[in-house]
Amino acid sequence: MIFKELGNTGLKVSEIGIGTEFLFGESKKTAIDVILCAITNKINYIDILFTVQNYLEKLAAAIKGYKNQLVITGHIGTKDNKGRPQKTRDIEECKKSFLKMLDILDIDNIDILNIQFVTPKESEKIFGTGGLLDLALSFQNEGKARFIGISTHDTSIAIKAAKSGKVDTIMFPINLANHYLAGRDELLTTCLKKRIGLIAIKPFAGGKLLMRNQTVYIAKYQTGGIKLKKKIPREITPIQCINYVNSLPGVSVILTGVKNVEELNENLKYLTQQENNQDFSSLIEFFRNNTN
Ligand SMILES: NC(=O)c1ccc[n+]([C@@H]2O[C@H](COP(=O)([O-])OP(=O)(O)OC[C@H]3O[C@@H](n4cnc5c(N)ncnc54)[C@H](OP(=O)(O)O)[C@@H]3O)[C@@H](O)[C@H]2O)c1
Numbered sequence: 001m002i003f004k005e006l007g008n009t010g011l012k013v014s015e016i017g018i019g020t021e022f023l024f025g026e027s028k029k030t031a032i033d034v035i036l037c038a039i040t041n042k043i044n045y046i047d048i049l050f051t052v053q054n055y056l057e058k059l060a061a062a063i064k065g066y067k068n069q070l071v072i073t074g075h076i077g078t079k080d081n082k083g084r085p086q087k088t089r090d091i092e093e094c095k096k097s098f099l100k101m102l103d104i105l106d107i108d109n110i111d112i113l114n115i116q117f118v119t120p121k122e123s124e125k126i127f128g129t130g131g132l133l134d135l136a137l138s139f140q141n142e143g144k145a146r147f148i149g150i151s152t153h154d155t156s157i158a159i160k161a162a163k164s165g166k167v168d169t170i171m172f173p174i175n176l177a178n179h180y181l182a183g184r185d186e187l188l189t190t191c192l193k194k195r196i197g198l199i200a201i202k203p204f205a206g207g208k209l210l211m212r213n214q215t216v217y218i219a220k221y222q223t224g225g226i227k228l229k230k231k232i233p234r235e236i237t238p239i240q241c242i243n244y245v246n247s248l249p250g251v252s253v254i255l256t257g258v259k260n261v262e263e264l265n266e267n268l269k270y271l272t273q274q275e276n277n278q279d280f281s282s283l284i285e286f287f288r289n290n291t292n
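Number 292 marks the last residue of the sequence shown (our numbering); no jumps.
This is the structure in structure tokens:
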């Protein structure tokens, strides 16, 4: 496993991390097995997306005893609505949800506190006085968060945040299907120049890129702005998807989501098969062209 600097934070993160969105509906045993398999394979970056009790309890059991060797991202921006995540921008609700998350995970602080799903409409409020950024800063001042980040599906917001000096990390979808997304290159170079930790989410476009031989709709949120309908080529592999994102300067960590240990083990094959599959040009062109 290769470890990279996470921007200016001083943290060293494994070049691939574990996203837990798709563990939401899985059993506690599966969550534990996936996280243990990740740790065994030297993955040290874990993303904990929601503040829903049942989901957090599974992950608490999975990370128990490993907190010191992990870089954990926790999010503000959703609350627990009867066992389902629900988006909220209410400061008190976000505050309560974050404190509950620390409590359930049984940890004193989170490494990266991420403000979720920042949209152009909301950004002024989020970054303005008394907004979610101020809430995140207050947690940082109290020692409950070490660094602060945002996630967004909008390049202009991501670039603005990277230039602002207000955040340490940015989560943005990066995959073969958005190679030509307007602003993506500027985001990569800005993060590199400003030493912002760029966390590439959705390397498989939420799993769509791996639905081989099937015609799929890839939504804007899975690419950061491009909508596609495509019959996915039979030859595409998780290794190609990971190697492609890994080839981009500016990316600190690739957050791969998995549903089970089998998927994780398949994805980890990129570690031993790096030499192959390094020519992505035909896939990039295939996804550039929005016809079947
Ligand atoms: N902060 C935010 O706003 C935000 C937003 C989105 C995501 N995230 C984080 O980023 C992580 C990564 O994004 P993501 O999980 O949406 O996208 P992703 O990594 O592009 O796709 C994950 C999905 O791909 C499929 N998959 C993975 N490995 C596979 C394999 N070997 N074979 C077949 N299918 C495979 C699985 O779904 P199936 O098995 O169902 O096909 C899996 O759940 C999330 O888990 C989450 O932690 C954060």
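Note that beta-carbon positions come from the ideal geometry of N, C-alpha and C, so glycine has one too.
Range of the contiguous beta strand (DSSP E) that encloses residue i
i      : result
Glu266 : Counting along the chain, Glu266 falls outside any beta strand (DSSP E), though it belongs to the alpha helix (DSSP H) covering 261-267.
Buried versus exposed call for residue i [16 or more other C-beta atoms within 10 Å across all chains shown]
i      : result
Ala180 : The residue asked about is misnamed: residue 180 is Tyr in this sequence, not Ala. Answer is exposed; the Cβ neighbour count stays below 16.
Asn292 : Residue confidence for Asn292 is low, a pLDDT of 48 falling below 50, so the modelled location carries little weight; the figure read from the coordinates is stated next. Exposed, by the Cβ-count rule.
Met1   : exposed
Leu99  : exposed
Ala177 : buried
Tyr45  : buried
Tyr217 : exposed
Ala205 : buried
Gly17  : buried
Gly149 : buried
Ala182 : exposed
Asp80  : buried
Asn246 : buried
Asp90  : exposed
Phe287 : buried
Glu285 : exposed
Asp134 : exposed
Pro203 : buried
Lys87  : exposed
Lys229 : exposed
Lys208 : buried
Gln278 : exposed
Ser27  : exposed
Asn303 : Since the first and last residues shown for the chain are 1 and 292, residue 303 lies out of range.
Glu142 : exposed
Pro296 : What is shown of the chain runs 1 to 292, which leaves residue 296 out entirely.
Gln240 : buried
Ser151 : buried
Sheet register partners of residue i (DSSP bridge)
i      : result
Met171 : Ser151, Ile199
Leu255 : Gly17, Ile201
Phe3   : Ser14
Leu133 : Answer is none; Leu133 lacks a bridge partner.
Val216 : Lys230
Ala145 : Ile110
Assumed close pair residue i, residue j - CB separation to whole angstroms, cut-off 8 Å
i      : j      : result
Arg234 : Asn267 : Rounded, the Cβ-Cβ distance is 18 Å, inconsistent with contact.
Thr20  : Leu70  : Not a contact, Cβ separation roughly 12 Å.
Phe24  : Gly257 : About 10 Å; that fails the 8 Å criterion.
Leu36  : Asp111 : That belief does not hold up - the Cβ atoms of Leu36 and Asp111 are roughly 19 Å apart, past 8 Å.
Leu198 : Ile170 : 6 Å
Thr237 : Pro173 : So it is not a contact: roughly 19 Å between Cβ atoms.
Lys166 : Phe127 : 7 Å
Ile76  : Leu113 : 7 Å
Arg184 : Asn8   : Not really, about 21 Å apart at Cβ, beyond 8 Å.
Lys220 : His153 : 7 Å
Start and end residues, alpha helix (DSSP H) containing residue i
i      : result
Glu15  : First-last for Glu15: undefined, no H or E at that position.
Tyr244 : 238-246
Leu271 : That residue, Leu271, is in no alpha helix (DSSP H); it is neither H nor E in DSSP.
Val293 : A query on residue 293 cannot be resolved here, the shown segment of the chain reaching from 1 to 292 and no further.
Leu188 : 184-194
Pro120 : 120-127
Phe287 : 281-288
Unbroken stretches of the beta strand (DSSP E), 3 residues or longer, contained in the segment 42-116: 45-48, 71-76, 78-81, 84-87, 110-115
Residues whose Cβ lies closer than 6 Å to any heavy atom of ligand 2, in chain order: Ligands in the displayed structure: ligand 1; ligand 2 is not one of them.
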